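Enquirer:
2 protein chains.
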Amino acid sequence: MSDDASQAKGNFKRFIPEGDSLERLVCVDCGFINYENPKIVVGSVVHEGGKILLCRRAINPRKGFWTLPAGFMEQHETTTEGAMREALEEATAKIEIEALLAVYSIPRLSQVQLIYRAHLATPGIAPGPESEEVGFFSFDEIARKELAFPSVHWALGHFRAVADQAHFPPFANPPGELGDLKPEGL
Amino acid sequence: MSDDASQAKGNFKRFIPEGDSLERLVCVDCGFINYENPKIVVGSVVHEGGKILLCRRAINPRKGFWTLPAGFMEQHETTTEGAMREALEEATAKIEIEALLAVYSIPRLSQVQLIYRAHLATPGIAPGPESEEVGFFSFDEIARKELAFPSVHWALGHFRAVADQAHFPPFANPPGELGDLKPEGL
């Protein structure tokens, strides 16, 4: 676990610490090891009258493409707090979490995505600083080729698969899929 | 996401980067920002004939106390690969994952725990380097006060609650619980 105090004055170099088997970021002054672990993305499929909240990305990667309100979890929050914060930051949306829809692993990026199903707690959405545009879209209106990431596509499909169920086990990656962008699109 | 190449020669200091709102670990040579995010613990409740696999910790924190095979997820693996690796490392156990039992958040430690339900894929367990002792125990044999962490206690309870169900939504923290050790024990 991280130790904020010992990192504050850190002078970090990368090497394999004694007794370890992998390269780590080590403070050469105090010996503190900053273990790097996969990062957690928290987000949600926010639905309203059969339509889904999507945000057009104002930042790279995949600027201009559409994504779910989602982003890196911050320190000292819970997973649902993180998903609610991201919806607020990216779409000014106050949401209520319903259920965990999916846990996706993107090993190439060392990323784990926790995607919840949610609805608006209070009406109203507007683009946050990282979104060019936000809106609710029916499935017919969503162009697959304009989605930012494979996992957005997965989450929309998984949302539809359990749209009539209140309780369900969360989905994982579709078989054989690791979240890599393909030359032919999603 | 992390960028291994730019971290390799990093000379990291902690401050609030321009345009950000939180302190980050920044390389003062190249400007690379090493965002710190919550860490993921992957583990499993491994069951066999109504008994549960527990490991007596050979290392701190909570050396000598009993825990589930679980640990920090490494880079470039999936969540289930991580849970399988931990069972192998801590109990020399080859396991098969059945279902996601729980997603716990421990905000004080900036930790998210993904706990799976699993069974042995091949017979045989033995202590790994981080375990003093491993064994399968019935619920009557498990002493609550000898468990290492609150989340071990939660996971055992949640396992029992769905022991007869093949498909179920994963549990979250028990209401009001944030995983802090209490003076009176778990």
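For the protein sequence lines, the chains are R and A, in the order given. Read left to right, the first sequence gives residues 40 to 225 (this note's numbering). Read left to right, the second sequence gives residues 40 to 225 (this note's numbering). Every residue gets a Cβ at the ideal spot worked out from N, C-alpha and C, and that includes glycine. Note that the structure is a prediction, hence the values are computed from the model and not measured.
1. Looking at the ligand SAM, does it come within less than 7 angstroms of F71/R, judged from the CB to the closest heavy atom?
2. Consider the Cβ of Q114/A: report whether some Cβ of chain R lies at a distance smaller than 8 angstroms.
3. Within the same chain, show all residues whose beta-carbon is closer than 7 angstroms to that of K78/R, passing over the 5 residues directly before and after it, in chain order.
4. In the DSSP assignment, what are the bridge partners of E172/R?
5. Could you pull out every residue in the same chain whose Cβ sits closer than 8 angstroms to the Cβ of S45/R, ignoring the five residues on either side in sequence?
6. Quick check on the DSSP output: what are the complete beta strand (DSSP E) runs of length 3 or more inside the stretch 67-116 of chain A, in order along the chain?
7. How far does the beta strand (DSSP E) with A141/R in it extend, from its first residue to its last?
8. Against V142/A, what residues of chain R qualify as contacts under a CB-to-CB distance less than 9 angstroms, listed in chain order?
9. Helix or strand or just coil, what does DSSP make of L64/R?
10. Around the C-beta of G88/R, are 16 or more other C-beta atoms found within 10 angstroms, so that it is buried, or is it exposed?
11. Could you give the distance in angstroms between the alpha-carbon of F104/R and the alpha-carbon of K184/R?
12. Counting only beta-carbon separations shorter than 8 angstroms, does A51/A have a partner in chain R?
13. Relative to chain R, which residues along the stretch 122-134 of chain A have a C-beta separation below 8 angstroms, given in chain order?
14. Which residue comes first and which comes last in the alpha helix (DSSP H) that contains A202/A?
15. State the CB to CB distance for the pair E125/A and G163/A, rounded to an integer number of angstroms; the pair is presumed to be in contact (CB under 8 angstroms).
16. For P214/R and S177/R, what's the separation of their Cα atoms in angstroms?
17. Please compile the residues from chain R whose C-beta is within a distance smaller than 8 angstroms of the C-beta of N76/A.
18. Could you tell me whether the Cβ of S149/A comes closer than 8 angstroms to any Cβ of chain R?
19. Please report how far the alpha carbon of L153/R lies from the alpha carbon of T118/R, in whole angstroms.
20. Determine the direct distance from the alpha carbon of E172/A to that of S170/R, and round the result to whole angstroms.
21. Return the chain-ordered list of same chain residues with a C-beta closer than 8 angstroms to the C-beta of M40/R, the five sequence neighbours on each side being excluded.
22. Check whether the stretch 87-102 of chain A touches the stretch 186-197 of chain R, taking contact to mean three or more Cβ pairs, one atom from each stretch, closer than 8 angstroms.
23. Report yes if the CB atom of Y155/A is closer than 8 angstroms to the CB atom of A122/A, and no otherwise.
24. Can you list, in chain order, the residues of its chain with a C-beta nearer than 7 angstroms to that of D42/R? Leave out the 5 residues immediately preceding and following it.
25. For L217/R, which option in R63/A, R101/A, H115/A and A138/A has the closest C-alpha, if you only look at C-alpha atoms?
26. Kindly list, in the order they appear in chain A, the residues whose Cβ is closer than 7 angstroms to that of P146/R.
27. In or out: P168/A buried (at least 16 other Cβ within 10 Å) or exposed?
28. Roughly how many whole angstroms lie between the Cα atoms of G174/R and K90/R?
29. Taking the alpha carbon of T240/R as the reference point, which residue from L186/R, F198/R, L195/R and G196/R has its own alpha carbon closest?
30. State the CB to CB distance for the pair H86/A and H158/A, rounded to an integer number of angstroms; the pair is presumed to be in contact (CB under 8 angstroms).
31. Pull up the distance between the alpha-carbon of H197/A and that of F210/A, whole angstroms please.
32. Please confirm whether H206/A has its beta-carbon closer than 8 angstroms to some beta-carbon of chain R.
33. How many angstroms separate the CA atom of Q59/A from the CA atom of N50/R?
Expert: So, from the listed chains and residues:
1. Only the bare structure without any ligand can be found here, which leaves the ligand SAM out of the picture.
2. Taking the first residue of the second sequence as 1, we reach residue 114/A at position 75. At least one chain R Cβ lies under 8 angstroms of Q114/A.
3. Position 39 of the first sequence, counting from 1, holds the residue named residue 78/R. For K78/R, where only same-chain residues beyond five positions count, the Cβ hits under 7 angstroms are F111, S149 and Q150.
4. On the first sequence, residue 172/R is found 133 positions in, with the first residue counted as 1. R95/R, per the DSSP bridge assignment.
5. For the purposes of this step, residue 45/R is identified with residue 6 of the first sequence, where counting begins at 1. Here S45/R scores only 37 on pLDDT, less than 50, and its place in the model should not be relied on; the value that follows carries that caveat. Contacts found: C66, C69 and F71.
6. 78-87, 90-96 and 109-111
7. Sequence index remark: in the first sequence, residue 141/R carries index 102 (1-based). That run of the beta strand (DSSP E) goes I134 to I145.
8. Translated into positions along the second sequence, residue 142/A becomes position 103. Ordered by position in chain R, the residues that pass the 9 angstroms Cβ test against V142/A are T118, L139, V142, L153 and P209.
9. Start at 1 with the first residue of the first sequence, and residue 64/R comes out as number 25. Of the three classes helix, strand and coil, the one that applies to L64/R here is strand, per DSSP.
10. As a position in the first sequence, residue 88/R is number 49, starting the count at 1. Under this definition G88/R is an exposed residue.
11. Counting from one through the first sequence, the residue named residue 104/R turns up at place 65. Counting from one through the first sequence, the residue named residue 184/R turns up at place 145. C-alpha separation (whole angstroms): 9 angstroms.
12. The residue you call residue 51/A lines up with position 12 of the second sequence. For the record, residue 51/A in the displayed sequence is Phe; it is not Ala. Yes, because at least one Cβ of chain R sits closer than 8 angstroms to the Cβ of F51/A.
13. none
14. Working through the second sequence from its first residue, we reach residue 202/A at position 163. Run containing A202/A: none; DSSP gives neither H nor E here.
15. As a first step, residue 125/A must be located in the second sequence, where it is residue number 86. As a first step, residue 163/A must be located in the second sequence, where it is residue number 124. Going by Cβ atoms, the distance from E125/A to G163/A rounds to 17 angstroms, so no, they are not a contact pair.
16. On the first sequence, residue 214/R is found 175 positions in, with the first residue counted as 1. On the first sequence, residue 177/R is found 138 positions in, with the first residue counted as 1. For P214/R and S177/R, the distance between alpha carbons rounds to 26 angstroms.
17. As a first step, residue 76/A must be located in the second sequence, where it is residue number 37. K78, I79, F111, M112, E113 and Q114, listed in chain order.
18. Taking the second sequence and counting its residues from 1, the one referred to as residue 149/A is at position 110. Output row for S149/A: interface = yes.
19. As a working mapping, residue 153/R is identified with position 114 in the first sequence. As a working mapping, residue 118/R is identified with position 79 in the first sequence. About 8 angstroms.
20. If you number the first sequence from 1, residue 170/R lands on position 131. If you number the second sequence from 1, residue 172/A lands on position 133. When rounded, the distance between both Cα atoms is 52 angstroms.
21. For the purposes of this step, residue 40/R is taken as residue 1 along the first sequence, with counting starting at 1. Unreliable positioning characterises M40/R in this predicted model, as indicated by a pLDDT of 36, which lies under 50. The coordinate reading is nonetheless provided below. None.
22. no
23. Looking up residue 155/A in the second sequence gives position 116. Looking up residue 122/A in the second sequence gives position 83. Yes, these two residues count as a Cβ contact at 8 angstroms.
24. On the first sequence, position 3 is the one that residue 42/R refers to. Only weak support exists for where D42/R lies, its pLDDT of 42 falling under 50; the value from the coordinates is given anyway. Here the set comprises F71.
25. Against the first sequence, residue 217/R aligns to sequence position 178. Here the closest residue by C-alpha is H115/A.
26. Position 107 of the first sequence, counting from 1, holds the residue named residue 146/R. Residues of chain A passing the Cβ test: H115, E116 and T117.
27. The residue given as residue 168/A occupies position 129 in the second sequence. When all chains shown are included, P168/A counts as exposed.
28. If you number the first sequence from 1, residue 174/R lands on position 135. If you number the first sequence from 1, residue 90/R lands on position 51. Roughly 9 angstroms between the two C-alpha positions.
29. No information on residue 240/R is available, as it lies outside the stretch 40 to 225 that chain R covers here.
30. Sequence index remark: in the second sequence, residue 86/A carries index 47 (1-based). Sequence index remark: in the second sequence, residue 158/A carries index 119 (1-based). Going by Cβ atoms, the distance from H86/A to H158/A rounds to 6 angstroms, so yes, they are a contact pair.
31. Position 158 of the second sequence, counting from 1, holds the residue named residue 197/A. Position 171 of the second sequence, counting from 1, holds the residue named residue 210/A. Taking the straight line joining both Cα atoms gives about 7 angstroms.
32. Here residue 206/A corresponds to residue number 167 of the second sequence, with the count starting at 1. Yes, H206/A counts as interfacial toward chain R.
33. Taking the first residue of the second sequence as position 1, residue 59/A is located at position 20. Taking the first residue of the first sequence as position 1, residue 50/R is located at position 11. Looking at the sequence provided, one finds Asp at residue 59/A rather than Gln. Their backbone Cα atoms lie some 22 angstroms apart in a straight line.
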